[in-house]
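Structure first, commentary second.
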Amino acid sequence: YLDISFNAIGYLNVRKIMKAVDERNKAITDGMEVNGVQQDRKEEEKETSAEIAKPATEASKPEEEKRGLMPFSPHSSCCCHCRVNVDGNFVVEEIWNALTHGLGVVLIVPGLIDLMVLTSDDPFRCKLAVIAYMMSCTLLFAVSTLFHAFFMLDLTSRIFQVLDHSSIFVLIAGSYTPFCVLLFGNDPNGSRVMTAEWALAGVGITAHIIAVHFPKIRHSPLYVYGELILYVVMGWMALAVYDTFVTSTPVHIQYLIAGGGLTYMAGLPFYILDNIKCVPILHCVWHLFVLVAAIIHFCAVRESVIYFNSQQSMSV
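UniProt numbering puts the sequence shown at residues 1 to 316.
Written as structure tokens, this is what we have:
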């Protein structure tokens with residue numbers, strides 16, 4: 001195991017080190033406590049003795065396979081038979097990651113003021129729905145910005161990474177909330193969708209917090225892709241009540257909601273490639289897609305508020 005994390009040596013130098021390791025063609029086993037692998041000294045000695053007794057074919061297995069570490073962590077790369085931890089080295093890329101979502105935090109302020117003015121005369125439940133949406137946006141962009149800004153602080157970065165993944169669930173549920181309240185009105189499907197969204201958000205957050213303490217689970221393909229599928233299912237839950245969505249939502253708002261969702265989906269390949277191939281600049285591209293999608297959905301929420309107000313004035 002080769003640990004070169006938190007040295008700020010940059011992407012090109014990391015590539016050079018990995019190339020050198022490839023040329024050496026030698027497994028390096030050191031620092032096994034990294035990536036959450038916790039072992040006491042007795043267990044290490046026992047495993048070392050067992051390793052010596054194993055046949056050559058077993059000893060030549062990739063280190064990540066023997067330790068249960070799978071190559072899906074965004075903080076490490078696999079090189080030959082050596083697991084290389086490169087977290088905290090991509091200074092330029094992390095700065096761009098922080099700046100892209102930091103811009104989102106800045107844009108939220110005038111957006112929140114605008115929505116508060118528009119909902120000033122609306123019922124309390126409408127104001128609450130809009131506040132829930134804006135707070136979920138604030139949480140995601142603020143946490144993501146801090147996570148990438150503190151990339152050189154190992155423990156702090158790990159904490160904010162948990163918050164970062166959790167805030168994605170909150171944003172999806174928070175984005176559905178104003179649409180369910182403002183557009184679906186008293187239709188029971190609105191309450192069902194909103195309840196399902198927040199329930200799944202709670203399940204996703206709880207699962208992630210638990211998985212963090214079990215690295216074998218956290219980095220397994222089953223969990224990584226399972227979490228990704230949960231994001232997608234939550235994001236497209238409107239299709240489960242398609243008839244209600246179409247009849248209750250003006251066409252231009254439908255286009256905005258669908259446009260934001262498709263923008264998120266268009267950015268997913270960059271997110272997946274960043275996790276698998278560890279090309280850090282791709283995460284910045286993913287951030288740009290998230291920022292654009294969030295702006296589109298903000299426009300959808302704003303139009304929903306205007307539509308709700310017009311309906312209220314017509315009923316008076």
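All residues carry an ideal CB built from backbone N, CA and C; glycine is no exception.
Quick caveat, the model's predicted, so the values are computed rather than measured.
To the nearest whole angstrom, what separates the beta carbons of P178 and Y133, a pair I think is in contact under 8 Å?
On the sequence shown, residue 178 is found 178 positions in, with the first residue counted as 1. On the sequence shown, residue 133 is found 133 positions in, with the first residue counted as 1. Right, their Cβ atoms sit about 5 Å apart.
Around the C-beta of H252, are 16 or more other C-beta atoms found within 10 angstroms, so that it is buried, or is it exposed?
In the sequence shown, residue 252 corresponds to position 252, counting from 1. It is exposed - the Cβ of H252 has fewer than 16 other Cβ atoms within 10 Å.
Exposed unless 16 or more other CB atoms sit within 10 angstroms - verdict on V123:
Reading the sequence shown from its first residue, position 123 is the one you call residue 123. The question names Val, yet the displayed sequence has Pro at residue 123. Exposed: under 16 other Cβ atoms inside 10 Å.
Residues near D114 by beta carbon distance below 8 Å, same chain, minus five either side
The residue given as residue 114 occupies position 114 in the sequence shown. Once the five neighbours on either side are set aside, the close Cβ partners of D114 are R302.
Looking only at its chain, what residues have a beta carbon closer than 6 Å to the beta carbon of A238, apart from the 5 residues adjacent to it on each side?
Position 238 of the sequence shown holds residue 238. Excluding its 5 nearest sequence neighbours in each direction, A238 has C-beta neighbours in its own chain below 6 Å: F245, listed in chain order.
Measure the beta-carbon distance from L103 to L282 and round it to whole angstroms, keeping in mind my assumption that it falls under 8 Å.
Translated into the one-based positions of the sequence shown, residue 103 becomes position 103. Translated into the one-based positions of the sequence shown, residue 282 becomes position 282. Their Cβ separation, rounded to whole angstroms, is 18 Å, which puts L103 and L282 out of contact at 8 Å.
Need the endpoints of the alpha helix (DSSP H) that L200 sits in, please.
Counting from 1 along the sequence shown, the entry for residue 200 is found at position 200. Element bounds for L200: 188-212.
Would you kindly check if the distance between the Cβ of H165 and the Cβ of E94 is under 9 Å?
Sequence index remark: in the sequence shown, residue 94 carries index 94 (1-based). Sequence index remark: in the sequence shown, residue 165 carries index 165 (1-based). No; because the gap between Cβ atoms is not below 9 Å, this pair is not in contact.
Grab me the residues of F160's own chain with a C-beta within less than 8 Å of its C-beta, minus the 5 sequence neighbours each way, in chain order.
If you number the sequence shown from 1, residue 160 lands on position 160. The answer, listed in chain order, is V143, L146, F147, F150.
Quick check: what's the CA-CA separation for G174 versus K19?
Your numbering for residue 174 matches position 174 in the sequence shown. Your numbering for residue 19 matches position 19 in the sequence shown. Per the coordinates, the alpha-carbon of G174 lies some 45 Å from the alpha-carbon of K19.
Which value, in whole angstroms, describes the spacing of the CA atoms of V37 and Q312?
Against the sequence shown, residue 37 aligns to sequence position 37. Against the sequence shown, residue 312 aligns to sequence position 312. For V37, the pLDDT reaches just 38, beneath the cut-off of 50, and the residue's location in the model is therefore unreliable, leaving the point undetermined.
Going straight from the alpha carbon of I295 to that of I257, what length do you get?
If you number the sequence shown from 1, residue 295 lands on position 295. If you number the sequence shown from 1, residue 257 lands on position 257. Looking at the backbone, the Cα of I295 and that of I257 are separated by about 11 Å.
So D114 is in the alpha helix (DSSP H); what residue range does that whole segment cover?
What you label residue 114 is simply residue 114 of the sequence shown in a count that begins at 1. For D114, the uninterrupted alpha helix (DSSP H) segment begins and ends at 91-118.
How many Å lie between L118 and V305 at the Cα?
Counting from one through the sequence shown, the residue named residue 118 turns up at place 118. Counting from one through the sequence shown, the residue named residue 305 turns up at place 305. Roughly 7 Å between the two C-alpha positions.
Test item: CB-CB of F169 and G204 under 9 Å:
To locate residue 169, count along the sequence shown from 1; it is residue 169. To locate residue 204, count along the sequence shown from 1; it is residue 204. Judged by beta-carbon spacing, G204 lies within the 9 Å limit of F169, meaning their Cβ atoms are closer than that value.
Pop quiz: L171 and C126 are said to be a contact at Cβ under 8 Å. What is the actual Cβ separation, rounded to whole angstroms?
As a working note, residue 171 is residue 171 in the sequence shown. As a working note, residue 126 is residue 126 in the sequence shown. In fact, because the Cβ distance is near 20 Å, the residues do not count as touching under 8 Å.
What residue does the alpha helix (DSSP H) around P215 start on, and which one ends it?
As a first step, residue 215 must be located in the sequence shown, where it is residue number 215. Segment 215-218, the alpha helix (DSSP H) holding P215.
W198 versus S191: straight-line alpha-carbon distance, rounded
Locating residue 198 in the sequence shown gives position 198, counting from the first residue. Locating residue 191 in the sequence shown gives position 191, counting from the first residue. A direct Cα-Cα distance of roughly 11 Å separates W198 from S191.
Please classify P188 as buried or exposed, where buried requires at least 16 neighbouring CB atoms within 10 angstroms.
The residue given as residue 188 occupies position 188 in the sequence shown. Its Cβ having fewer than 16 others within 10 Å, P188 is exposed.
I need the boundaries of the alpha helix (DSSP H) containing L268, first residue and last residue.
Indexing the sequence shown from 1 puts residue 268 at position 268. That run of the alpha helix (DSSP H) goes 251-277.
First through last residue of the alpha helix (DSSP H) which encompasses L171
Position 171 of the sequence shown, counted from the first residue, corresponds to residue 171. Counting along the chain, L171 sits inside the alpha helix (DSSP H) bounded by residues 154-182.
Quick one: residues in its chain with C-beta nearer than 7 Å to the C-beta of V241, no 5 flanking neighbours on either side, listed in chain order?
Position 241 of the sequence shown holds residue 241. Within the same chain, N189, V193 come within 7 Å of V241 by CB-CB distance, once the 5 residues on both sides are set aside.
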